[in-house]
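Chains as they are written, first to last, in our numbering: chain A, 1 to 138; chain B, 139 to 463. First comes the structure, then the notes that go with it.
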């Protein structure tokens with residue numbers, strides 16, 4: 001299996017989602033002064049969306065800081081984004097922004113802390129994705 | 139004789155350069171940048187569409203909007219001010235004052251819709267209906283009882299999140315339904331602005347609720363959780379009857395109920411709780427989902443091959459200066 005890195009603010013929605021996945025994951029810290037994870041192997045990023053009504057500020061500054069490291073970015077394989085459909089077309093926009101900036105696919109979108117269906121799909125999907133990644137790599 | 143009763147304490151001046159909770163600033167910025175007024179939406183473009191609705195459909199729509207007006211009025215005049223008294227930080231009070239005002243804007247918006255599309259007599263009839271409708275009065279009563287000044291601050295927040303993230307949706311459903319059929323599309327645009335605001339309100343109040351829960355013992359937390367689930371059960375019972383009462387005449391009740399389950403789960407998630415309704419009771423009509431978030435395909439799932447794999451660049455604002463790769 002490849003790695004998993006996520007950001008969750010103190011609302012805890014993404015943290016609850018990741019815990020429900022039951023996979024080992026590194027958390028991007030909330031405090032700008034805390035040490036930042038720097039993965040050096042392929043990983044998937046899970047992040048919430050913070051856009052205003054015009055889509056500005058969709059990606060949390062701490063996630064931007066994390067991705068600003070070129071070595072980290074080189075190992076990013078895909079992004080899973082969360083949000084709230086109440087934001088209409090801007091739902092889970094952080095995933096689209098990161099996908100475009102880093103040229104990786106958006107794997108999945110979910111709302112708030114996700115549903116059991118979301119958990120099942122992401123668990124199976126990540127498993128399948130890493131298997132194909134590592135089988136083609138050999 | 140000198141008055142010996144304690145006068146109201148002088149509050150400390152609010153200093154936004156000394157934050158105790160960064161979420162206050164984040165939400166303040168979000169809410170103020172999302173500010174809007176109903177005049178921004180060209181509601182008069184819906185006049186022709188309105189005339190194509192049947193009399194029953196028109197009456198239903200006006201009634202649904204008076205029901206929403208009542209909830210916004212409660213949140214504007216009682217709910218948000220009641221939460222202010224429990225605020226932990228001075229910035230939280232400021233955010234709540236924004237929430238209170240936006241609820242007034244929402245309530246005012248429905249009257250803009252009415253004055254554009256309906257006759258005074260129809261609207262007066264609907265406001266009378268809202269005062270007499272048993273379910274509307276019951277759900278208001280349940281929420282207002284928790285807004286009592288003496289109530290537990292966390293009970294107030296639970297009631298507030300249920301109003302913001304659950305009770306509105308028996309009403310929001312209808313304009314989304316019309317919009318999915320290319321009816322009243324400008325009205326739907328206005329409702330989407332309200333829906334966006336309510337998401338932030340529910341999220342923020344739920345966040346403050348979770349901070350309050352952290353200060354309690356395990357047993358106390360369990361009590362609050364039991365209270366929350368009991369309240370959502372009671373509200374759900376009322377909402378089910380409200381739905382039947384209003385929507386049976388157009389055959390949409392069962393479709394609406396899926397949407398209610400879905401939103402009840404989201405309200406509970408805002409409080410940090412697990413879902414109540416299983417996924418197979420939350421099969422929201424895809425047309426309603428699409429009306430809610432156009433362009434956000436319902437089941438984007440790269441893993442299983444549905445949805446677009448690479449996202450094609452949409453015209454979205456990003457701050458390039460934050461992204462010096």
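Glycine included, C-beta positions come from ideal geometry on N, C-alpha and C. Every value quoted in this text rests on a predicted model; they were computed, and no experiment measured them.
Close to residue 230 of chain B, with beta-carbon spacing below 7 Å, lies no residue of chain A; the smallest spacing is near 14 Å. If you check the CB distance, residue 206 of chain B and residue 388 of chain B do not come in under 8 Å.
An exposed status is given to residue 134 of chain A, since fewer than 16 other beta-carbon atoms sit within 10 Å of its beta-carbon. Straight-line spacing of the CA atoms in residue 401 of chain B and residue 229 of chain B works out to 28 Å. Measuring C-alpha to C-alpha distances from residue 334 of chain B to each of B:154, B:172, B:158 identifies B:172 as the nearest. For residue 47 of chain A, the three-state secondary structure derived from DSSP is strand. Taking 8 Å as the upper bound on Cβ-Cβ separation, chain B lies near residues 108, 109, 111, 112, 113, 115, 116, 117, 121, 122, 124, 125 of the stretch 108–125 of chain A.
Counting along the chain, the unbroken beta strand (DSSP E) around residue 5 of chain A starts and ends at 3–7. Among the CB atoms of chain A, none fall inside 8 Å of the CB of residue 184 of chain B. Comparing C-alpha distances from residue 82 of chain A to each of A:2, A:12, A:1, A:104 shows the shortest one belongs to A:12.
Note: residue 246 of chain B is not bridge-paired with any residue in the DSSP secondary-structure output.
The CB of residue 12 of chain A comes closer than 8 Å to the CB of 348, 410 in chain B, given here in chain order. Assignment of residue 12 of chain A by DSSP, reduced to helix, strand and coil, places it in the coil class. Residues of chain A whose Cβ lies closer than 7 Å to the Cβ of residue 241 of chain B do not exist, since the nearest Cβ in that chain is about 16 Å away. Shown here for residue 378 of chain B: same chain residues with a beta carbon closer than 8 Å to its own, the five before and five after excluded, namely 395, 398 in chain order.
In terms of beta-carbon proximity, residue 314 of chain B stays away from the interface with chain A, with every pair separated by 8 Å or more. DSSP places residue 411 of chain B outside both helix and strand once states are collapsed to three, so it counts as coil. Separation of the CB atoms of residue 430 of chain B and residue 373 of chain B is rounded to 21 Å, and the pair is thereby denied contact status at 8 Å.
Of the residues B:283, B:202, B:410, B:417, the one whose Cα lies closest to the Cα of residue 252 of chain B is B:202. The beta-bridge partner set that DSSP reports for residue 110 of chain A consists of A:82. Residue 26 of chain A has A:5 as its beta-bridge partners, per DSSP.
Under the DSSP assignment, residue 72 of chain A falls in the alpha helix (DSSP H) whose first and last residues are 70–74.
Look at the stretch 156–171 of chain B: the residues with a C-beta under 7 Å from a C-beta of chain A are 161, 168, 171.
For residue 96 of chain A, the enclosing alpha helix (DSSP H) stretches over residues 93–102.
Taking 8 Å as the threshold, the shortest C-beta distance from residue 7 of chain A to chain B does not fall below it.
Taking residue 245 of chain B as reference, the option from B:208, B:392, B:219 with the minimal CA-CA separation is B:208. With its beta carbon at least 8 Å from every one in chain A, residue 372 of chain B lies outside the interface. The alpha-carbon separation between residue 370 of chain B and residue 328 of chain B amounts to approximately 28 Å. Taking a Cβ-Cβ cut-off of 9 Å, residue 426 of chain B has no neighbours in chain A, whose nearest Cβ is about 10 Å from it. Taking a contact as a CB-CB distance under 8 Å, the pair residue 214 of chain B and residue 231 of chain B does not count as one, their CB atoms being some 16 Å apart. Within its own chain, the residues whose Cβ lies closer than 6 Å to the Cβ of residue 350 of chain B, once the five positions on either side in sequence are excluded, are 292, listed in chain order. The C-alpha of residue 338 of chain B is placed about 13 Å away from the C-alpha of residue 163 of chain B.
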